[in-house]
Amino acid sequence: MIDLPDEAAALAFGRRLAAVLRPGDAITLSGPLGAGKTTIARGLLAALGLEGEAPSPSYAIVQSYAPPEVRLPVLHVDLYRIEEEGDLLELGLDDARYDGALLVEWPERVSARVFPDALRLTLIVAADGARRLTAEVPAAWEGRWPLT
């Protein structure tokens, strides 16, 4: 378990993720509203070179980032409003992984088989307001996890 006591810690965790992110990677971020999923994504995107704050993809569903704005292409996806797995086909997420990475919020809205090789991060909000993060680490992340 990783403690993220405040927003600065969540941003720093996102920066550490960016340091080991590779094309083809998928990272899922689960947790209740306000748990810090987008904050971690913002830290990651900032470390990849994004200037300014990344918007939440809640309404757009997919926010796309590409060089030169970031060092590698990233799709930041929010599946909260996805009602059927078939809707994912229209988003082109598989194609994005050829040369880039996926950050997926609310992955529980679809079957785990949709992102079988994803680094699965789950956030909870503790009674003191701090966030606690747990991870399910796939073989593709061996040697890169735990983050330093």
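Residue 14 is where the sequence shown starts when you use my numbering, and the numbers rise one by one after that.
Ideal Cβ positions, reconstructed from N, Cα and C, are used throughout, including at glycine.
Residue i, buried or exposed, once every other Cβ within 10 Å from all chains shown has been counted against 16
{"i": "Pro-81", "result": "exposed"}
{"i": "Ala-23", "result": "buried"}
{"i": "Gly-27", "result": "buried"}
{"i": "Ala-109", "result": "buried"}
{"i": "Ala-67", "result": "buried"}
Candidates the options, of which the one nearest residue i by Cα
{"i": "Ala-73", "options": "Pro-86, Pro-45, Arg-94, Val-87", "result": "Arg-94"}
{"i": "Ala-62", "options": "Arg-84, Ser-124, Leu-106, Trp-154", "result": "The identity of residue 62 in the sequence shown is Gly, whereas the question assumes Ala. Looking at the Cα atoms, Arg-84 is the closest of the given residues."}
{"i": "Met-193", "options": "Gly-99, Ala-32, Ala-148", "result": "Examination of residue 193 is not possible in this model, given that the chain is present from 14 through 161 alone."}
{"i": "Tyr-111", "options": "Glu-64, Gly-37, Ala-67", "result": "Gly-37"}
{"i": "Val-138", "options": "Glu-66, Asp-100, Leu-46, Asp-107", "result": "Leu-46"}
{"i": "Leu-146", "options": "Asp-100, Thr-135, Glu-64", "result": "Thr-135"}
Cβ-Cβ separation, residue j to residue i (assumed contact under 8 Å), whole Å
{"i": "Gly-49", "j": "Leu-17", "result": "6 Å"}
{"i": "Leu-104", "j": "Val-75", "result": "6 Å"}
{"i": "Arg-122", "j": "Leu-102", "result": "About 15 Å separates the two Cβ atoms, so there is no contact after all."}
{"i": "Arg-151", "j": "Leu-132", "result": "The sequence shown places Pro at residue 151, rather than the Arg named in the question. Confirmed, Cβ separation roughly 6 Å."}
{"i": "Ala-60", "j": "Ala-79", "result": "With a Cβ gap of about 16 Å, Ala-60 and Ala-79 do not count as contacting."}
{"i": "Glu-98", "j": "Ser-124", "result": "6 Å"}
Distance cut-off 7 Å: residue i Cβ against heavy atoms of the ligand ZN
{"i": "Glu-155", "result": "In the structure shown, the ligand ZN is absent, as is every other ligand, since no ligand is present at all."}
May I ask you to verify whether the segment 124-137 touches the segment 38-55, counting CB pairs closer than 8 Å and requiring at least 3? When Cβ pairs closer than 8 Å are counted between the two stretches, the segment 124-137 is seen to touch the segment 38-55, the count reaching three or more.
Quick check: the segment 47-57 against the segment 113-122, are there 3 or more CB pairs under 8 Å? Result yes; three or more Cβ-Cβ pairs closer than 8 Å.
Whole beta strand (DSSP E) runs in the segment 82-155 with 3 or more residues, listed along the chain? If you keep only unbroken beta strand (DSSP E) runs of at least 3 residues inside the segment 82-155, you get 87-91, 114-118, 132-138, 144-149.
Fully enclosed by the segment 17-57, which beta strand (DSSP E) runs are 3 residues long or longer? Runs of the beta strand (DSSP E) inside the segment 17-57: 39-43.
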